[in-house]
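Written below as structure tokens is the structure these notes are about.
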Amino acid sequence: MKKVLLMPHDKKYAKSISSLSSQPQVREPLGLSEEQTSVEGTIQFIEFIKEQEKLGKQYSRVIFNENKELIGIITLKDIDKNSKTCEIGTWIGYPYWGKGYNELAKKEMLYKAFTELDLQYVFVAVKKSNIRSQKAQAKLPYIRMNVQHEFPEKYKKVQEQLKVPCLLNVIERNTFLKWYSEQKKIS
Numbered sequence: 001m002k003k004v005l006l007m008p009h010d011k012k013y014a015k016s017i018s019s020l021s022s023q024p025q026v027r028e029p030l031g032l033s034e035e036q037t038s039v040e041g042t043i044q045f046i047e048f049i050k051e052q053e054k055l056g057k058q059y060s061r062v063i064f065n066e067n068k069e070l071i072g073i074i075t076l077k078d079i080d081k082n083s084k085t086c087e088i089g090t091w092i093g094y095p096y097w098g099k100g101y102n103e104l105a106k107k108e109m110l111y112k113a114f115t116e117l118d119l120q121y122v123f124v125a126v127k128k129s130n131i132r133s134q135k136a137q138a139k140l141p142y143i144r145m146n147v148q149h150e151f152p153e154k155y156k157k158v159q160e161q162l163k164v165p166c167l168l169n170v171i172e173r174n175t176f177l178k179w180y181s182e183q184k185k186i187s
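Residue numbers in the sequence shown follow UniProt numbering, run continuously in steps of one, and reach 187 at the last position.
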């Protein structure tokens, strides 16, 4: 049975993170440079994440699978306690694609976002060119797609950050927690 474990960032994971993130299938869609995905760049990323978490602006975890292999990263970023919103981003290493890990990691992280961090909306931005990610998001039963017209200010901010055409999707607290509760009854 597929499972994930979300662990805090640590420099001891830098080499494994670098190895997965530097693969072109991951690095290119994320828009990362070879320098950013190097071991040194990864260590800088880990230090940045730890600082952002201290400030309450991000909550990021390293994803491990049931075999205790590091397989990716999931992050709640731009956490805004006033508007009770954030964005979620995930990447999974290429060897682990298509195995359901992204959805499992999102389920765990979203539960944290809505129950412990008390957020109301988690936004998911996706580049229009990233068809694989769009298809993966469309499979999520608790997501609302193409909400850029409902949340124009958030959409504008995301467009400015990504600097490429994108779509904006949202996961709402009540919808997700209802789905989560139903899943618990089934399993």
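We put the CB at the ideal spot given by N, CA and C, even for glycine.
If you're wondering where the values come from, they're calculated on a predicted model, not measured in any experiment.
Q: Determine contact between the segment 32-46 and the segment 96-106, defined as no fewer than three beta-carbon pairs at a distance below 8 Å.
A: Verdict: no, contact absent.
Q. Smallest Cα separation from Q120: which of Y13, K15, S16 and V170?
A. Relative to Q120, the option among Y13, K15, S16 and V170 whose CA is nearest is V170.
Q) beta strand (DSSP E) containing M7: first to last residue? A) It spans V4 to M7 - the beta strand (DSSP E) in which M7 sits, taken as one unbroken run.
Q) When you compare only the Cα positions, how much space is there between M7 and E51? A) Cα-Cα distance, rounded: 16 Å.
Q: Name the two residues that bound the continuous alpha helix (DSSP H) containing F45.
A: Segment V39 to K54, the alpha helix (DSSP H) holding F45.
**Q.** Sheet register partners of I143 (DSSP bridge)
**A.** Within the DSSP bridge table, the entry for I143 names I171 as partners.
Q. For L162 versus F123, is the C-beta distance shorter than 8 Å?
A. With contacts defined as CB atoms closer than 8 Å, L162 and F123 fail to qualify as a contacting pair.
Q | S83, DSSP secondary structure in three states | A | In the three-state reduction of the DSSP assignment, S83 falls in the coil class.
Q. Between Q148 and Y155, is the Cβ-Cβ spacing less than 8 Å?
A. Remark: C-beta atoms of Q148 and Y155 approach each other more closely than 8 Å.
**Q.** Reference Q23, options K54, R173, S60 and W91, closest by Cα
**A.** With distances taken between Cα atoms, Q23 lies closest to W91.
(Q) Just to confirm before moving on: does the CB-CB distance between I79 and Y59 stay below 8 Å? (A) Yes, these two residues count as a Cβ contact at 8 Å.
Q. Just curious, the beta strand (DSSP E) that F64 is in, first and last residue?
A. Where F64 is concerned, the enclosing beta strand (DSSP E) stretches over Y59 to N65.
**Q.** Which of helix, strand or coil DSSP assigns to W91
**A.** Three-state DSSP puts W91 in a strand.
Q.
Within 10 Å of its beta-carbon, does T115 have 16 or more other beta-carbons around it, so buried, or fewer, so exposed?
A. Exposed is the call here.
(Q) Only counting the same chain, and skipping five residues up and downstream in sequence, which positions put a Cβ closer than 6 Å to that of K77? (A) So the list reads Q58 and E87, once near-sequence residues are dropped.
Q | K163 - DSSP class collapsed to helix/strand/coil | A | Three-state DSSP puts K163 in coil, outside helix and strand.
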